[in-house]
Structures are given as structure tokens and as C-alpha cells.
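Listed in order, the protein sequences are those of chains A and B. So in the numbering used here, spot 71 of the first sequence is number 1068, and the numbers just go up one at a time. So in the numbering used here, spot 255 of the second sequence is number 1605, and the numbers just go up one at a time. Glycine is no exception: its CB is placed at the ideal position from the N, C-alpha and C atoms.
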Amino acid sequence: MSLSTKIALAGTTALMTTAAAAETVTIGITQNNVGVDSYQTTYEKAFIAAADANANVETVVLDAGGDVARQIAQMEDLIQQEVDAIIIWPTNGEAVIPAVRKAHQAGIPVIVTNSNIAEQGFDFVASFSGPDNITQGRRSAEIMCDKFTAMGIENEAKVVHITGQPGYTTAIERAKGFNDRLPEVCPNVEQIDQQPGDWNREKSQQVMEAFLVKYDDIDGVYAGDDNMGVGALNAAKAAGREGIIFVGATNFAVGYEAMAAGEYWGSIYQSPVDDAKAALQTAIDVLDGKDVPFLNYFDTPKITQDNMDQYDKPVF
Amino acid sequence: MAELTKQDIGRFLARQGILVAFVVFMIAFALANPRFLAVDNIFGVIRSSAILGVMALGVTFVVIGGNLDLSVGSMMSFSTIVVLDLHDKLGPTLAIPAMFAMTLALGAFIGFLVGYLKLNSLIVTLGMLSAIHGLTLTYSGGKNMDIADKEGTWFAVIGQGSIAGIPVPILLFAGLAIVLSMMLGKTPFGRKVYAVGGNGTAATFSGVPRARVVFMTYMISAFCVATAGMMQASRSLGSQNTVGQGMELEVLAAVILGGASLLGGSGTIFKTVIGVLILGFIQNGLLLVGLEFYVQYVVTWVIIILAVWLDIAAKRGRLLSPIA
């Protein structure tokens, strides 16, 4: 139902834009799965708001509902409608490549947002706009190491690591960044275990419960996002284990609150609003013929209990 | 005399094959990591399994009645999100009954379609799986739901508290298991569920109100899902919209592992509980042993197949059998 409605709407939007002024550009976007989490929901709202604020931009906003086949069909629709540029939040980094190539061959620049497609598709992409997940993992390692150093335990601390969903690019990149950087900054800190929490608070809580049984001595927990980090924190609180340093990524409202309560040390501040605005701006810059870097990262700074007052509480 | 004893053991094994399998795994994991059998760990595992377990209790009724319920995962997400949202709007005392009413309404709808309209339960509940997911997302606007005042609410007791040293989720799971076990095993209604699942046509001609019995199995399932949602919400005091996603298959695996037949007409609450515990302890045991997690998926499957095989072998009285 929603798909056909959206396509019908998309059709009318396209008709309207052809009648509009010549300077107006039409940008189509096919998103991954709006509504599955607060990040993606906020992203869509911010994207529409940013586009509405720009009088020269018309948008066709589509959502693939997490379905690769639907996303490929939406790419083809957008090519048919001859939009000026396409933004894609890939449902799958490999499977969408043929559709991206088709758009490229039709002369429509493609901007990938949030999570990049696989490398063999890079030739067909004008630019990638999104967070740098490897840097995020590295920064989390630095936050963790700095805190250990401040506590004077940088030579004996033990860390467990809860990753996102296995096979998911963001999860792999953040884990890699963290695992590469931690031994560089804190060579004597030992990572004693690493298990997936599947981006799920409940799953992460279960994993942490098992870690707490298995290891008497845990000084730090790194979780691939705050949702899982808070799950791990809940497990530690329930077990009465205090003094563990929790560091996450993608600061969620719950993570921010736990930081304010002094229970959670730090995270990486990644705003879906910045993400959406950056994607739209990248598309506009590409259409204006500006020189846009291929990997156009927006900044995702460190946030800890020390500097959190400089950041607004995340809306998700 | 000795022969009689041997026969007795054989008969016991034949009836409780899955229990034997359970004990075997427990011993194997305990040998691999001594902490596996620590009281804290055992309580921890049962407490985490309790949510899945409560859902499996309800689905056991549906499966014995000869139907499937694939909607329990997304229905649990719905209950969790609704009770968290209403907690801050109405307070926990009103939020819990309101959430139960909404979840039971969903159960009644499914029960009506499968029981009275005799629609295929696989299609109905598979459809409801995504319909309820959509309903949840519409309700929440896709946002994570969190209780604002996490320290000051008694609601946390349901998922995190203990009574006399035993975690409340375990008490809820055990209590519900006992009540439902008596309902299934000791009441006329329970016998009707077996009759309807075993041979629906015969049951109808014997005067069993088949439609009403099937309807009731879905109401029991929805009641269990609502209880699970309440426990889930209380355990983390916040949730994403997809919290129950995929649980329908784990629930079904636990029920089938416990020995209930997908064709209906057989199974017990006790065996479902064992099935739930096996799944819970496998997950926990593999974490404690510390296997690479990609390997864990495979090992989990191997253990489940082993359990099912031991169960069947015990029923046949031998490990390999020329007949099925």
C-alpha cells in the first residue's frame, strides 16, 4: 500500500517539477528503513526540512523499508523520472551496485549517504556523504585510553568489546578502528573478549551478563553504539559491579542521560540532522559542479562527561 | 528384578529424552567452564530466558491446538512500546492493564480469523507479524521509547527486582508455567485443546466447540505476549521498536525442541520449559566457552539437532532405527 502511494506521489512530484523554474533541481532519495530506529526517523524529517528550506530544491523522498529489491525498483523509478541527482542509503552495499551503475550510465550523479556501498561500485558514485566509522572507532579507543590514563590504570586495565550486527559495515568499521587504535595509544591495555550485541540493547545486556560471570576483572566496556552500551551498563548495575568505564558510539538520548548521571563515560556525537543536511548539501554541490571529495565525511566529535554541556541532548 | 529396573530406566528415557539431552549439555558446558554452574549465572540465564519462555508457554497452546503463531515477536515489540509510552502518560498502574487490553484485542482479532473464519494460521499470523510491526512504528513514530524517571518507578521491580533472592522474572515465568500447565493438563479445556489439535474433525463431531477453543489458544498466547512485553519493558526501561523481531522463530524452536508436534495434538508445558532452558543455556554456555561468534551460529544449530536426535532416539529406544 505505502509503496504504491509513494510511487504515485513521486510521479506527481516529478510532473510538478518539470513545470517549475529552470534553476530548480530535483533530488531523489531512497532511504534504507525509515521507522526502524529513531536515527533514521530523525534523518528523514531533517532531510525534508532542509530541502523545504531551500527554494531551489525539489525532492522525491522514498523509503525502501529495508528491502533490497524495493530499493532497486525505486532507483529505476527515479531514473525514469529523470531526477537531477539520486541520494541512496544502501539497504545492502553489494546488491544495489547494478542499480547505481544504471543511474550513472543515465547521467544521473549518485550520492551515497550514511553507509557506503562496496568498493567495486565506487566508479559509479559521485560522492559518499556520511560518518567516518573507522575514525569513530579510533576516537572511542582514545576516549577509553585517556580515561584509563587519568585513573592511573593504563598499564593493567582490561576491556571487553560489544560489536554491532555481524556483517554490517558500520559494525565492522567501528570494531576495526577501535581494535587498531587501542594498542597504539594504550599498549598495555588488554582486550579480553569481543562478542556481538546486534545493535540490540537486550542482546547486549545478555552478552554483558555472561562477561561479568566469566571475568572478575573488567575495567572498560566499548560498545558499537550507545543503545548497546546502555544495555551493558544495565547488566553491570544489576550485578552490582561498579567502576567500569563505558564508552560507546552514536550518542543516543539514553547514553546522554547515563553520562549526565555519571554512570557512562563517553561516546561519539553523531547527529542524524547533520547526516541528512550533509547528504543534501553534497548533492547540491555535485550538481553545482563544485569540487566535492569522494569521501565527504561530516565531523563526529568525541563527547564525554567532561564536555557534554557543549552538546544538545540527542533527540533519538 | 534387574531386568525390570532396566525397563524402567528405558521407559523413563523414552518419556524424558529431551530432559536427558538437557542434563548432558549442562554437564558438558560445566566441564568446559566451571563458572557455568555458578548460582548467579544460572539465575542470570533463567532470568534472560524468562521473556522468551513466557511467550513460548502461550505458543505451546496454539501449537498443540494445531495452529502456528508467528506474530508473537512483533506483538511483543508492540506491548513493550505501548507500556513504556503509557507508563509516562498514565502511570504504571493504569499503563499495564491498558497495554494488556490492547494486546488481547490483537489476540482476539487473530483468534477470530483463525478460529471462527477458519483461515490458515500461517498466513494470518505471518501477515499480522508485519501488520503489528507497522502498527508499533505508527504508534511510536519510529522513535525509541524510554521511561523518563528510571530511578523512581516501581515498574522496574517486574524485570529487575527479586523476592526472597529469586529474580521476579523467574517467579513470573515459573508461576505462569504452573498455572498454564494445570490448565492444559488438568482441565476439560486443556483436553479440548489436545482434541482439536489431534483431530479437529473428530473433535467437532464429538461436540467440542472447535472455533472457541482455537480462539482461546490465541487469547492465551496474547496474554503471555503481554506479560513478556511488560517484563521486557521493565527490564531495560526503554526499547527500540524492533525488540521482539525474530523472536517468533526462537519461540517456535523452543516449543518444537520441547517435543510439541507442529501437526498439533501433542506437547506439554513442562517440555516447552525445558526447550526454552536448553536454548538459553546454549547461548550462555557458548559465550562463556568463548567461541568465535561466527562459529556460535553453527554450533547452536548442531546442539539443537543433537537434542532433537537424542529425544527421538530415546523414544525409539535406540540411537539408529531402521524405521522412522
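Since I believe residue j is in contact with residue i (beta carbons under 8 Å), could you give me their beta-carbon distance rounded to a whole number of angstroms?
i       : j       : result
A/D1216 : A/K1155 : 5 Å
B/V1707 : B/Y1568 : Look at the range of chain B in this structure, 1351 to 1674, and you will see that residue 1707 of chain B is not part of it.
B/G1630 : B/V1605 : Between B/V1605 and B/G1630 the Cβ distance is about 14 Å, and since that is not below 8 Å, they are no contact.
B/G1535 : B/T1650 : The Cβ separation is near 30 Å, so there is no contact.
B/G1635 : B/F1386 : 6 Å
A/V1097 : A/A1123 : About 10 Å separates the two Cβ atoms, so there is no contact after all.
B/N1494 : B/G1588 : 6 Å
B/G1415 : B/V1564 : 6 Å
B/A1610 : B/V1370 : With a Cβ gap of about 18 Å, B/A1610 and B/V1370 do not count as contacting.
B/T1453 : B/V1575 : 6 Å
A/R1198 : A/V1157 : Going by Cβ atoms, the distance from A/R1198 to A/V1157 rounds to 16 Å, so no, they are not a contact pair.
B/K1542 : B/V1558 : 5 Å
B/A1657 : B/I1368 : 7 Å
B/L1522 : B/V1432 : Not really, about 19 Å apart at Cβ, beyond 8 Å.
A/I1085 : A/V1109 : 6 Å
B/T1410 : B/T1622 : 5 Å
In this structure, how does DSSP classify residue i when only helix, strand and coil are distinguished?
i       : result
A/K1144 : helix
A/L1059 : strand
B/D1419 : coil
B/T1592 : coil
B/E1598 : helix
A/T1088 : coil
A/I1024 : strand
B/I1497 : coil
B/G1394 : helix
B/P1538 : helix
B/N1549 : coil
A/V1033 : coil
B/E1642 : coil
A/A1018 : Here the model assigns A/A1018 a pLDDT of 42, short of 50, so the residue's position is not dependable and the matter cannot be decided.
B/G1408 : helix
B/F1505 : coil
B/S1512 : strand
A/D1049 : helix
A/N1197 : coil
A/G1221 : coil
A/T1002 : For A/T1002, the pLDDT reaches just 44, beneath the cut-off of 50, and the residue's location in the model is therefore unreliable, although a value from the coordinates is still provided. Looking at A/T1002 - three-state DSSP - the assignment turns out to be helix.
A/F1243 : strand
A/L1230 : helix
Could you name the residues of chain B that residue i contacts, counting a contact when the two beta carbons are closer than 8 Å?
i       : result
A/Q1235 : It should be pointed out that residue 1235 of chain A corresponds to Ala in this sequence rather than to Gln. Ordered by position in chain B, the residues that pass the 8 Å Cβ test against A/A1235 are Q1510.
A/Q1192 : L1637, F1643
A/K1211 : N1383, R1385, L1637, L1638, G1640
A/F1313 : K1493, N1494
A/N1224 : N1494, Q1590
A/E1239 : Going along chain B, no residue has its Cβ under 8 Å from A/E1239, so there is no contact; the nearest lies around 16 Å.
Going along chain A, which residues have a C-beta under 7 Å from residue i?
i       : result
B/S1586 : R1198, E1199, Q1202, G1228, N1231
B/L1487 : G1032
B/Q1514 : According to the sequence displayed, residue 1514 of chain B carries Ala and not Gln. Correct list: empty, because the minimum Cβ distance to chain A is about 17 Å.
Let's test the definition: count the other Cβ atoms within 10 Å of the Cβ of residue i and tell me whether it reaches 16, buried, or not, exposed.
i       : result
B/S1556 : exposed
B/V1389 : exposed
B/A1527 : buried
B/W1504 : exposed
A/Y1036 : buried
B/Y1466 : exposed
A/D1296 : exposed
A/E1116 : exposed
A/D1049 : exposed
B/N1591 : buried
A/G1237 : exposed
A/Q1102 : exposed
A/A1018 : Because the pLDDT of A/A1018 is 42, which lies under 50, any placement of that residue in the model is unreliable, and the question is left without a value.
Taking Cβ-Cβ distances shorter than 9 Å, what residues in chain B pair up with residue i?
i       : result
A/S1112 : Near A/S1112 there are no residues of chain B at all, since even the closest Cβ is about 18 Å away, more than 9 Å.
For a contact defined as C-beta to C-beta under 7 Å, what are the partners of residue i on chain B?
i       : result
A/A1052 : Chain B residues near A/A1052: none, gap ~28 Å exceeds 7 Å.
A/T1038 : G1491, G1492, K1493
A/E1260 : Those within 7 Å of A/E1260 in chain B number zero; the least Cβ separation is about 11 Å.
A/E1170 : The premise fails here: A/E1170 is roughly 17 Å from chain B at the closest Cβ pair, so nothing lies under 7 Å.
Residue i touches chain A at which residues, Cβ-Cβ below 9 Å?
i       : result
B/N1470 : Those do not exist, as B/N1470 stays about 22 Å from chain A at its closest Cβ, beyond 9 Å.
B/D1435 : Under the 9 Å cutoff, chain A gives no residues; its nearest Cβ is about 14 Å from B/D1435.
Please find out if some non-hydrogen atom of the ligand NAP comes closer than 7 Å to the beta-carbon of residue i.
i       : result
A/A1061 : The ligand NAP is absent from the structure shown, which contains no ligand whatsoever.
Is it true that the stretch 1057-1074 of chain A meets the stretch 1026-1033 of chain A, where meeting means three or more beta-carbon pairs spaced less than 8 Å apart? yes
Counting beta carbon pairs with one atom in the stretch 1485-1492 of chain B and one in the stretch 1422-1437 of chain B, are three or more of them shorter than 8 Å? yes
Per the contact definition of three or more C-beta pairs closer than 8 Å, is the stretch 1272-1282 of chain A in contact with the stretch 1231-1250 of chain A? no
Taking contact to mean at least 3 C-beta pairs separated by less than 8 Å, is the stretch 1245-1257 of chain A in contact with the stretch 1073-1090 of chain A? no
Can at least three beta-carbon pairs, one atom from the stretch 1143-1161 of chain A and one from the stretch 1113-1132 of chain A, be found at a separation below 8 Å? no
Between the stretch 1161-1173 of chain A and the stretch 1278-1287 of chain A, do at least 3 Cβ pairs fall closer than 8 Å? no
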